[in-house]
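The sequence shown begins at 857 in this note's numbering and counts up by one.
First comes the structure, then the notes that go with it.
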Amino acid sequence: MTHLFDSYVMVDWSASSTPKKGADSIWYCVVERQGTKLVETALHNPTTRETAMQDLADRLSDLSARGLRVLVGCDFAFGYPKDFAPSIGAQDWSGVWQRLSAMIKDGADNSNNRFAVAAELNRKISGTTGPFWGCPKAQQNEFLESKKPYMNPLTNEMRLCEQRISGVKPVWQLLGTGCVGSQTLMGIARLEQLRRHAWLQDQIKVWPFETGLTANSLGAITLAEIYPSQIKVQAQGNLPKDALQVRTLARHYAELDQVGELASLFAGDPSLSDDQKDIVVREEGWVLGVGKSDKDQALDWLNSYLRAPNDIYRKSQKMIEHDIDVSGFDEDMQDVAIRMIHACGDVDVGVDIAYSAGAASVGRTALAKGCPILVDVEMVSHGIIRKRLAQHNPVVCTLNDARTPAKAEELGTTRSAAALEFWGDWLEGSVVVIGNAPTALFHLIQGILDGRFAKPALIVACPVGFVGAMESKETLIALAGDLGVPYITLRGRRGGSAIAASALNALAKKGITQ
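Written as structure tokens, this is what we have:
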């Protein structure tokens, strides 16, 4: 498969006025394709914009010299809403970039004049306080205020792409949590210098300004605007959110390119009119990955969603296998793992699936012999697909047995735990499926250790919650040798009836389809 790029550089920018490291500072991450593998080759946190641009120029020059095509994503706006360019005497985006590069003074120590530049632009555009706003009180003057002006002198508050992103703030706002106005002023000025750099001239193209809304004419180095909050990040040690976002985005775009799904993002919103496309390419720019408006996308989904159950299952399996390498599971567990992940829609649970050697095979053998299936709650019972049970195995839940409430009071425990006391002769050689109550799992473990309970063939343990769920499952794992019972479980607080029942369904019949 031909890829658009060989290297992916994601940059989280900062408009700080002093050198800074850690949270709310500059971070960039580099991921390279090395053969069939994607390898992170850098995660850096330069203290100043000057250092960052020197680093990036060096790195881009090196990547280009090695013949690698590079995608560079930056998390600030590449353009302003329609009519901004002519209001400052520029014809298009290029004139805006040149004007800002000439006006912005950005020192080696991060000292800068961005508020003075914003005030001067307001003076030229409106002769009053707007459209730019937001500054420290000490920087306020007749052309720039800390609060938003009553009316924006320009008719457009948001760019076309920003109208399709929930919660985004206008590029005119220079100060405040979540705003990118200052980063945009400083970032555009620096990118204009980068694209004119002696080492990089004629290699850089800015999407979509110099390429159009297409992936057909990208540069050896392509600059693109990104929006990090589009992608959920997972905590990793002490790394700040900025670092996690560039790492996640670099890998995200690399993985999309790996499977041929990146090119379509360069088309933007296919529903744009010709006039709107002209505005985007001439002035406003676009955010990579932003497509249709929420309403248009919702209508598309409503008209095109998959309806046939087996089609849904097959596509789910394909998506799961794309996102997680199931070959890391024992062969007899792969279907079970896929089904558990499918049940919760979260591939992250894959790393928490734990099992004893041969557990799935033991469970399948027991089910094939017609063993009972014992469950802690009715929801697990309802989740078991009966037509998968070739031997018409009985599914037993004693939670609502008339004797259970009194037994729970007698034992001083939950009804879910007390209900196990009535499993009796069903227990030996059965498959036990616990999908709700940690107390039920604790009670089962204790009963087997004490010799009061017979041993089942297999325990599928997916209790869920904040109190006891993690501890009960870790107890099962730690004491598995003493119990002498194979197990399948999901470590941590996550679990639930759907996941537990799905594991049983996979044991009953291989394959994710009905």
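Every residue gets a Cβ at the ideal spot worked out from N, C-alpha and C, and that includes glycine.
Next item on the list: Assuming Ser1127 and Asp1152 form a contact by the criterion Cβ under 8 Å, report the distance between their Cβ atoms to the nearest whole angstrom.
Entry: 6 Å
Note to self: Could you compute how far the alpha carbon of Lys1025 sits from the alpha carbon of Glu1013?
What the structure shows: 9 Å
Notebook entry, point to check: Can the beta-carbon of Ala824 be found closer than 8 Å to that of Val1236?
Noted result: Nothing can be reported for residue 824, as the shown portion of the chain is limited to 857 through 1370.
Next item on the list: Answer with buried or exposed for Ile1241, where buried requires no fewer than 16 other C-beta atoms within 10 angstroms of its C-beta.
Entry: exposed
Next item on the list: Below 8 Å on the Cβ atoms is my guess for Leu1286 versus Leu1363; work out the distance and round it to an integer in Å.
Entry: Going by the sequence as given, residue 1286 is Ser instead of Leu. That belief does not hold up - the Cβ atoms of Ser1286 and Leu1363 are roughly 13 Å apart, past 8 Å.
Margin query: So the candidates are Glu1001, Trp1028 and Gln890; which of them puts its Cα closest to the Cα of Tyr936?
Written below: Trp1028
Checklist line | For Trp883, the three-state DSSP class (helix, strand or coil) | finding: strand
Checklist line | Touching by the beta-carbon criterion (3+ pairs, under 8 Å), the stretch 1289-1297 and the stretch 1271-1280 | finding: yes
Checklist line | Beta-carbon proximity of Leu1305 to Ser1328, cut-off 8 Å | finding: no
Checklist line | Cβ-Cβ distance between Ala1313 and Gly1219 below 8 Å | finding: yes
Check: Looking at Asn1361 and Arg1244, is the spacing between their C-beta atoms short of 8 Å?
Finding: yes
Notebook entry, point to check: Between the C-alpha atoms of Asn1072 and Thr1078, what's the straight-line distance to the nearest angstrom?
Noted result: 12 Å
Check: My guess is that Val1089 and Thr1104 are in contact by the Cβ rule of under 8 Å, so how many angstroms apart are they, rounded?
Finding: 5 Å
Item checked: contact_flag[the stretch 912-929, the stretch 859-867] where n(CB pairs < 8 Å) is 3 or more -> yes
Note to self: Going by DSSP, what residue range makes up the beta strand (DSSP E) through Gly935?
What the structure shows: No beta strand (DSSP E) holds Gly935; DSSP gives it neither H nor E.
Notebook entry, point to check: What residue range is occupied by the uninterrupted alpha helix (DSSP H) comprising Ile1044?
Noted result: Gly1037 to Arg1051
Item checked: Validate contact between the stretch 1129-1142 and the stretch 936-947 using beta carbons, cut 8 Å, 3 pairs -> yes
Margin query: Quick test of your reading: Glu1284 and Ala1310, contact by CB under 8 Å. State the CB separation rounded to the nearest angstrom.
Written below: 4 Å
Check: When you compare only the Cα positions, how much space is there between Phe1065 and Trp989?
Finding: 26 Å
Next item on the list: Using the Cα positions of Gln1114 and Cys1017, report the straight-line distance between them to the nearest angstrom.
Entry: 26 Å
Check: In terms of residues, what are the limits of the alpha helix (DSSP H) holding Met1196?
Finding: Gln1190 to Cys1200
Margin query: Just list the residues that DSSP pairs Cys930 with in beta bridges.
Written below: Val867 and Glu1081
Next item on the list: Determine which residues share a DSSP beta bridge with Thr1345 and list them.
Entry: Ala1210 and Ala1317
Note to self: Based on DSSP bridge pairs, tell me the residues matched to Ile1229.
What the structure shows: Val1251 and Val1287
Check: Are Ile1045 and Ile960 touching if we call contact CB-CB under 8 Å?
Finding: The residue asked about is misnamed: residue 1045 is Ala in this sequence, not Ile. Cβ atoms of Ala1045 and Ile960: closer than 8 Å.
Next item on the list: Determine the contact status of Ala866 and Tyr884, defining contact as a CB-CB distance below 8 Å.
Entry: In the sequence under discussion, the amino acid at residue 866 is Met, which differs from the Ala named in the question. The answer is yes: Cβ separation under 8 Å.
Check: Out of curiosity, what's the CA-to-CA distance linking Leu1041 and Gln1049?
Finding: 13 Å
Item checked: Neighbour-count burial assignment, Val1062, 16 or more Cβ in a 10 Å radius -> buried
Next item on the list: Would you decide whether Asn901 is buried or exposed? Buried here means 16 or more other CB atoms lie within 10 Å of its CB.
Entry: buried
Checklist line | Helix, strand or coil at Val1323 according to DSSP, with G and I counted as helix | finding: coil
Check: If you draw a straight line from the alpha carbon of Ala1264 to that of Val1205, how long is it in whole angstroms?
Finding: 32 Å
Check: Going by DSSP, what residues sit across from Asp1125 in a beta bridge?
Finding: In DSSP, Asp1125 forms no bridge with anything.
Next item on the list: Buried or exposed for Tyr864, please, with buried defined as at least 16 other CB atoms from any protein chain shown within 10 angstroms of its CB.
Entry: buried
Margin query: Per the DSSP calculation, Asp962 is bridged to which residue(s)?
Written below: Asn968
Check: Around the C-beta of Arg1163, are 16 or more other C-beta atoms found within 10 angstroms, so that it is buried, or is it exposed?
Finding: exposed
Checklist line | Continuous beta strand (DSSP E) stretch holding Val1218: start and end | finding: First-last for Val1218: Ala1215 to Ala1224, but that is the alpha helix (DSSP H), not the beta strand (DSSP E).
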